[in-house]
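Participant: Heads up, the sequence shown is in this note's numbering, so the first residue is 4 and it goes up one at a time.
By construction, the Cβ of each residue, glycine as well, lies at the ideal position given by its N, Cα and C atoms.
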Amino acid sequence: MSTLHPVSPEFAARARVDKAAYERDYAESVRDPEGFWRRIGQRLDWTRPYTKVKDVSFDVDDFRIRWYEDGQLNLAANCLDRHLAARGDKTAIVWEGDDPNESRRISYRELHAEVCKAANLLTNLGVKKGDRVAIYLPMIPEAAVAMLACARIGAVHTVVFGGFSPDSLAGRIADSQCKLVITADEGLRGGKKVALKINVDEALQRPGTNSVETVLVVKRTGGAVAMQAPRDRWWSALMDGQKAEHEPVAVGAEDPLFILYTSGSTGKPKGVLHSTGGYLVYASYTHECVFDLREDDVYWCTADVGWVTGHSYLLYGPLANGATTLMFEGVPNYPDSSRFWQVVDKHQVTLFYTAPTAIRALMREGEAPVKKASRASLRLLGSVGEPINPEAWEWYWRVVGDGRCPIVDTWWQTETGGILITPLPGAIDQKPGSATLPFFGVKPAIVDAAGAILDGATEGNLVITDSWPGQMRTVYGDHQRFIDTYFKTYPGMYFTGDGARRDADGYYWITGRVDDVINVSGHRLGTAEVESALVAHPKVAEAAVVGCPHDIKGQGIYAYVTLKAGETPSEELRKELVAWVRKEIGPIASPDFLQWASGLPKTRSGKIMRRILRKIAENAPDQLGDTSTLADPGVVQNLVDERLAR
Ligand code: 6R9
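#1: Residues in its own chain within less than 6 Å of residue 649 by CB, not counting five upstream and five downstream?
#2: For the alpha helix (DSSP H) containing residue 338, name the first residue and the last one.
#3: Assign residue 234 to buried or exposed, taking buried as 16 or more other Cβ atoms, counted over all protein chains shown, within 10 Å of its Cβ.
#4: What did DSSP end up calling residue 530 once you bin it into helix, strand or coil?
#5: Looking only at its chain, what residues have a beta carbon closer than 7 Å to the beta carbon of residue 7, apart from the 5 residues adjacent to it on each side?
#6: Would the stretch 286 to 299 count as touching the stretch 412 to 430 if we require 3 or more Cβ pairs under 8 Å?
#7: Quickly, what does DSSP pair residue 236 with across the bridge? List them, please.
#8: Spatial neighbours of residue 735 within its chain, please: C-beta separation below 6 Å, excluding the five flanking residues on both sides.
#9: Using the DSSP secondary-structure output, state which residues sit across from residue 522 in a beta bridge.
#10: So residue 531 and residue 603 are supposed to be a Cβ contact under 8 Å. How far apart are they, rounded?
#11: Quick one, are the C-beta atoms of residue 497 and residue 503 less than 8 Å apart?
#12: Following a CB-centred definition, is residue 416 positioned closer than 7 Å to any heavy atom of the ligand 6R9?
#13: Leaving out five residues before and five after residue 480 in sequence, what residues of the same chain have Cβ atoms less than 8 Å from its Cβ?
#14: Less than 7 Å separating the Cβ of residue 307 from some heavy atom of the ligand 6R9?
#15: State the Cα-Cα distance for the pair residue 4 and residue 409, rounded to the nearest angstrom.
#16: Say the cut is 7 Å; is the CB of residue 541 nearer than that to a heavy atom of the ligand 6R9?
#17: Considering only C-alpha positions, which residue in the set 633, 576, 615, 248 is nearest to residue 607?
#18: On the DSSP bridge list, what partners appear for residue 110?
#19: Would you identify the three-state DSSP class for residue 641, choosing helix, strand or coil?
#20: Which value, in whole angstroms, describes the spacing of the CA atoms of residue 574 and residue 610?
#21: By how many angstroms is the C-alpha of residue 203 removed from the C-alpha of residue 160?
#22: Could you have a look at residue 310 and say whether DSSP puts it in helix, strand or coil?
#23: Determine, using beta carbons only, whether residue 181 and residue 215 come nearer to each other than 8 Å.
#24: Is residue 552 near the ligand 6R9, judged by its Cβ being under 7 Å from some heavy atom?
#25: For a cutoff of 8 Å on Cβ pairs, would you count residue 426 as touching chain B?
#26: Could you check whether the stretch 290 to 304 touches the stretch 266 to 280, counting it as contact only if at least three pairs of C-beta atoms, one from each stretch, sit closer than 8 Å?
#27: Report the CB separation of residue 119 from residue 247 in whole angstroms; it is logged as a contact under 8 Å.
#28: Spatial neighbours of residue 538 within its chain, please: CB distance less than 7 Å, with the 5 preceding and 5 following residues excluded, ordered by chain position.
#29: Measure how close the beta-carbons of residue 77 and residue 252 come, nearest whole angstrom, since I'm counting them as under 8 Å.
#30: For the ligand 6R9, any of its heavy atoms closer than 7 Å to the Cβ of residue 382?
#31: If you drop the 5 nearest sequence neighbours on each side, which residues of the same chain put their C-beta closer than 7 Å to that of residue 142?
#32: If I measure Cβ to Cβ from residue 427 and keep anything under 7 Å in the same chain, skipping five residues before and after, which residues do I get?
#33: What residues in its chain sit with their C-beta under 6 Å from that of residue 361, if we drop five residues either side in the sequence?
#34: In chain order, what are the residue ranges of uninterrupted beta strand (DSSP E) at least 3 long that sit wholly in the stretch 427 to 471?
#35: Leaving aside the five residues before and after residue 534 along the sequence, list all residues of the same chain whose C-beta is less than 6 Å from its C-beta, in chain order.
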């Protein structure tokens with residue numbers, strides 16, 4: 004058992020939430036969710052106040068999730084306009100470029116003006132409330148402006164991570180039938196250029212994407228790109244002519260705010276849809292409590308806007324709270340592995356939120372790059388995206404935080420919109436590797452395979468038994484898939500897809516996904532997605548993909564590939580297949596290991612037994628378990644014998 008890190012007395016003395024407040028408010032929040040969230044909802048400006056707070060049923064035959072249903076508001080007005088009087092000159096966004104000599108500060112007043120211009124621009128291009136807009140941008144201020152401008156006019160954005168391939172982008176555009184795409188000529192990360200506009204051009208040649216009428220192109224690098232008239236337009240040329248005033252469109256609390264595609268255990272990525280009111284209440288409230296936010300904080304979340312963390316905790320939560328949020332275009336090891344800490348010093352960052360994979364990668368470089376920077380401004384550290392191993396936790400605490408900064412290990416998902424299980428820094432003692440206790444209003448439980456709720460110290464599948472305002476509302480275009488995926492496995496409960504252990508203190512320890520989703524460097528991938536990319540190659544007959552332990556990435560991608568008759572395995576083909584998957588999905592999906600398989604272990608009904616493949620990939624052939632149900636047990640021995648020496 005690892006060391007307990009108690010709440011520091013100095014931190015507790017001035018914390019927003021202390022132990023007594025956590026216990027009292029948590030008890031209230033689950034006893035009377037209606038009353039609790041009625042009160043918390045007041046933190047936003049509503050153009051029409053809500054009278055109803057919660058209307059939820061997880062019963063699959065009578066299903067609904069509605070929060071603040073009759074309220075109306077505008078998200079951008081809550082993130083910008085309402086701060087102008089008191090915080091107009093306060094920095095909203097500190098932008099740090101890929102190049103360490105490039106940075107900018109954008110005040111609330113400036114950001115407001117840009118967002119108004121962009122809202123007018125989108126309106127002039129015919130984008131209306133409810134229309135979908137794809138955003139495929141690098142980490143530049145225009146990404147924030149574009150997202151907020153969509154919210155301002157009630158359009159629904161779907162941000163696609165700049166590392167996704169043309170095919171992945173096309174799939175998302177086609178699924179949500181976007182009218183407009185906002186992109187850049189090229190992105191810049193770690194000194195390397197990313198061909199964003201070329202990818203958009205390719206994506207828009209794919210079937211199903213002709214809903215797109217306009218492509219707005221932000222000039223980032225000035226690299227040559229082909230502009231196709233009348234479809235492609237330069238962002239800056241059009242922005243120049245727009246008025247810097249715009250009346251925000253009032254939207255219903257339950258109206259959609261964004262769609263974000265995320266991997267599940269089956270099929271194509273799902274369009275997770277979040278609505279406006281409950282989402283913003285939840286993102287802003289969790290952001291304030293979990294990070295113990297103060298007016299003078301400089302807050303830095305290293306996530307890309309292409310992921311949910313970039314939505315809730317880079318942009319919307321912080322801006323709704325009037326905070327200063329730092330947006331970083333680059334990568335942790337460019338120009339060298341001291342970059343994060345140089346940026347912390349340069350901008351006097353006080354709150355820092357990153358992923359375990361980054362911590363592990365930096366840990367490998369030793370303490371010197373960290374110690375080169377002072378980091379004296381830091382007062383709190385956060386972790387998100389995957390379980391943090393206690394060694395990485397201790398290093399983060401001791402080396403990065405100099406033993407002085409509490410660590411909030413925040414567990415949540417794209418689907419949950421905001422943090423559900425986390426320490427509150429002034430209230431909850433930390434245990435390295437544990438996300439600790441539920442946030443206000445969150446009711447986690449652990450169930451066994453049959454769905455029975457287990458009490459006390461135990462281990463099983465993590466479910467949430469009641470709703471919270473930030474919960475996703477549907478899978479875009481497929482409400483039944485939403486209900487089937489999350490509420491059928493354990494009727495009446497939201498199933499997270501994660502396994503968890505609860506210790507004798509009631510602390511939760513997330514043990515990882517229990518479905519066919521793998522978490523590579525904090526990015527979710529469905530094994531089915533990688534498999535279907537592999538079998539799309541003309542030489543591949545069959546493929547099975549599993550996760551395997553990986554020192555830096557947390558999980559790596561291990562692929563077993565059976566070639567078509569007549570094809571011979573070779574090192575060249577192996578490389579070709581890895582490059583193929585990279586091209587089909589994006590660099591994050593490149594298999595780390597690819598093993599040739601003359602056959603795959605299947606049940607007599609033809610189902611691939613992944614449990615066995617996982618054990619082989621883990622190099623634990625003595626733990627294969629029962630193989631008696633296999634159609635051909637001989638297959639397994641071959642795979643063990645031929646396992647890649649690593
Ligand atoms: C926010 C985000 C969600 C999955 C989730 C879980 C894993 C996230 C974690 C964590 C352990 C944490 N996860 N945070 N596991 N401890 N603090 O990452 O969303 O990309 O949808 O991934 O990530 O497995 O189910 P998303």
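Facilitator: Short version:
#1: Because residue 649 sits at a pLDDT of 49, beneath the cut-off of 50, its placement in the model cannot be relied upon, and the point is left open.
#2: Note, residue 338: premise wrong, no alpha helix (DSSP H); not H, not E.
#3: For residue 234, the number of other beta carbons within 10 angstroms of its own is below 16, and it is reported as exposed.
#4: Of the three classes helix, strand and coil, the one that applies to residue 530 here is helix, per DSSP.
#5: Sequence-distant partners of residue 7 (beyond 5 residues in either direction) whose C-beta falls short of 7 Å from its own C-beta, in its chain, are 432, 434.
#6: Yes, since at least three Cβ pairs between the stretch 286 to 299 and the stretch 412 to 430 fall closer than 8 Å, the two stretches touch.
#7: The partner list for residue 236 (beta bridge, DSSP) reads 219.
#8: A question about residue 735 goes unanswered here, because the residues of the chain that appear run from 4 up to 649.
#9: For residue 522, DSSP records a beta bridge to 527.
#10: Contact doesn't hold; Cβ gap of about 14 Å is too wide.
#11: Contact: no.
#12: The ligand 6R9 has a heavy atom closer than 7 Å to the beta-carbon of residue 416.
#13: Close CB contacts of residue 480 within its chain, under the 8 Å cut and outside five residues either way in sequence, are with 178, 179, 274 (chain order).
#14: With a cut-off of 7 Å, the C-beta of residue 307 is classified as distant from the ligand 6R9, since no heavy atom of the ligand falls inside that distance.
#15: Low confidence applies here, because residue 4 scores a pLDDT of 48, under 50, leaving its location unreliable and the question unanswered by this model.
#16: Residue 541 Cβ: outside cutoff for every heavy atom of the ligand 6R9.
#17: Checked all of 633, 576, 615, 248; the closest Cα to residue 607 is 633.
#18: Residue 110 has 94 as its beta-bridge partners, per DSSP.
#19: In the structure shown, residue 641 falls within a helical segment according to DSSP collapsed to helix, strand and coil.
#20: Cα-Cα distance, rounded: 29 Å.
#21: Rounded to the nearest whole angstrom, the C-alpha separation of residue 160 and residue 203 is 16 Å.
#22: In the structure shown, the three-state DSSP call for residue 310 is coil.
#23: Yes, Cβ-Cβ distance for residue 181 and residue 215 is below 8 Å.
#24: Incorrect: residue 552 has no Cβ contact closer than 7 Å to the ligand 6R9.
#25: No chain B appears in this structure, which consists of one protein chain only.
#26: A contact is defined here as three or more CB-CB pairs under 8 Å, and the stretch 290 to 304 fails this definition with respect to the stretch 266 to 280.
#27: Right, the Cβ-Cβ distance comes to about 5 Å (below 8 Å), so this counts as a contact.
#28: So the list reads 545, 546, once near-sequence residues are dropped.
#29: Yes, they are in contact, since the Cβ atoms of residue 77 and residue 252 sit about 6 Å apart, within 8 Å.
#30: No, the Cβ of residue 382 stays beyond 7 Å of every heavy atom of the ligand 6R9.
#31: Answer for residue 142: 307, 308, 330, 331, 332, listed in chain order.
#32: Closer than 7 Å at the Cβ level, and outside the excluded window around residue 427, lie 20, 25, 292, 293.
#33: Once the five neighbours on either side are set aside, the close Cβ partners of residue 361 are 335.
#34: Whole beta strand (DSSP E) segments, 3+ residues: 447 to 450, 461 to 467.
#35: Same-chain partners within the cutoff: 546, 548.
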